[in-house]
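Residue numbers (our numbering): 65 to 386. Working notes for the structure below.
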Amino acid sequence: MNSNADKTRDPLDQAAAWIARLRADDADLADRQAFARWLAADPVHAGAFDTMLELWCDLGMLQVLPVAVPQSSATRTRIARWRVPLALAASLAFLALLLVPRPATRIPLELRTPIGGFEQVRLEDGSQLTLNTDTALDVVMGNDARVTHLVHGEVFFRVAPDAERPFTAVCATAAVTVLGTAFNASCDTNAMNVLVEEGVVRFGAWPANNGEDRLLHAGDRARFDPRTGTLQVDATGSSSLLAWRNRQLVFEDVTLAVVIAELQRYMKPTLSIVNKDAAAMHVSGVFSTSEPLLTLQALEKSLGITVDGPEQGPLLIGLHKD
């Protein structure tokens, strides 16, 4: 597409043309990179693209898009009132499946776990995935690419080696790309955390020209900050962070506030520490994620704290009164 011509066209028309181009059989990496630049050029573009995607999905025509459809002036006026952050998130999710070589398989495998859930999945290529609590992961496997979109949650990836099909795990504005290795990835508030157990991965901004990226080796731990486009790397990653794969939480001299925040991920009832002294208490130990209420009871007995409230929550955590 001609970027100069784009500047004089309605954003909805541009979005429709981009969808048609990206779905074409001869769409290549240059097209996908040009689309990424268009999407980043103006927040209105994300809203337009999201609207057109929704329109074609509603019509059941996503596979056979025309180049553009004339829009009424009322429709054009609505562009200025879009909720751009939500539209941008949807557009980035679509973009995640476009900026890698085009997979042959178009329908993603949707993997989901509830709060407190745990699931192990073996993909058709032999890769093994372990999903932690409250996780949403979409997987697209193709002849020249393997792509996963981590919507939220945490996954341990043991990727089957395949030099012809790189494996990419995307979370909002960050991504990990490997050929075959083992790593842990979590996604929260659009930030991505990675811990490498085996091999080497490339981790950084998504798309790549939107920030820093680098190679991580076994034992490295890193977090991508979407606000600054930078990586924070810690070469002393702790294996205790992977204890969740055994349905355990391992804590070494951390505050009760840290423990409760982690335990909250595995429980529906809201947990709230109502006493500053209780929050500052130090905890070490190994606890089960499969029975979080029993873990709370164990903490109550060992630390002398109180846990008050109905089982369905909210649960208030404090100290015994003298």
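Note that CB positions come from ideal geometry on N, CA and C, so glycine has one too. It should be emphasised that the depicted structure is a prediction, and the values quoted were computed from it without experimental measurement.
Contiguous alpha helix (DSSP H) elements confined to the region 286-354 occur at 320-328 and 340-343, taking only those with 4 or more residues.
Here residue 342 has 320, 369, 381, 382 and 383 as same chain residues with Cβ atoms under 7 Å from its own Cβ, once five neighbours each way along the sequence are excluded. DSSP places residue 361 in the uninterrupted alpha helix (DSSP H) bounded by 356-367.
The C-beta distance from residue 177 to residue 197 rounds to 6 Å, short enough to fall under 8 Å. Take the alpha-carbon of residue 283 and the one of residue 259: they are about 7 Å apart. Within the same chain, Cβ atoms closer than 6 Å to the Cβ of residue 314 are found at 304, 307 and 350, the five residues on either side in sequence being excluded.
Residues of the same chain with a CB within less than 7 Å of the CB of residue 95, apart from the 5 flanking positions on each side, are 85 and 86 in chain order. Nearest to residue 295 by C-alpha distance, out of 311, 276 and 312, is 276. Excluding five sequence positions before and after residue 358, the CB atoms of its chain that fall closer than 8 Å to its own CB belong to 352, given in chain order.
When secondary structure is reduced to three states using DSSP, residue 281 falls in the strand class.
Between the alpha carbons of residue 75 and residue 287 lies a distance of about 34 Å. By the C-beta density criterion, residue 354 is exposed, having fewer than 16 other C-beta atoms within 10 angstroms.
A distance of 9 Å or more separates the beta carbons of residue 172 and residue 208. The C-beta of residue 78 has 16 or more other C-beta atoms within 10 Å across all chains shown, which makes the residue buried. Shown here, residue 376 sits in coil according to DSSP, grouped into three states, outside any helix or strand. In the structure shown, residue 227 adopts coil according to DSSP, grouped into three states.
In this structure, DSSP gives residue 275 a state outside helix and strand, which the three-state scheme calls coil. With contacts defined by Cβ atoms closer than 9 Å, residue 223 and residue 246 form a contacting pair. Closest in alpha carbon position to residue 200, among 212, 206, 217 and 184, is 217. Going by DSSP, residue 94 is part of the alpha helix (DSSP H) stretching over 93-105.
Contact between residue 385 and residue 179 is absent: CB atoms are separated by about 32 Å, not below the 8 Å threshold. Per the C-alpha coordinates, the member of 185, 323, 269 and 334 positioned closest to residue 373 is 334. Counting other Cβ atoms within 10 Å of its Cβ, residue 257 reaches 16 or more and is therefore classed as buried.
A Cβ-Cβ contact shorter than 9 Å links residue 266 with residue 241. Per DSSP, residue 218 is one residue of the beta strand (DSSP E) stretching across 210-222.
Beta bridge pairing from DSSP links residue 175 with 201.
C-alpha of residue 292 to C-alpha of residue 269: approximately 10 Å in a straight line.
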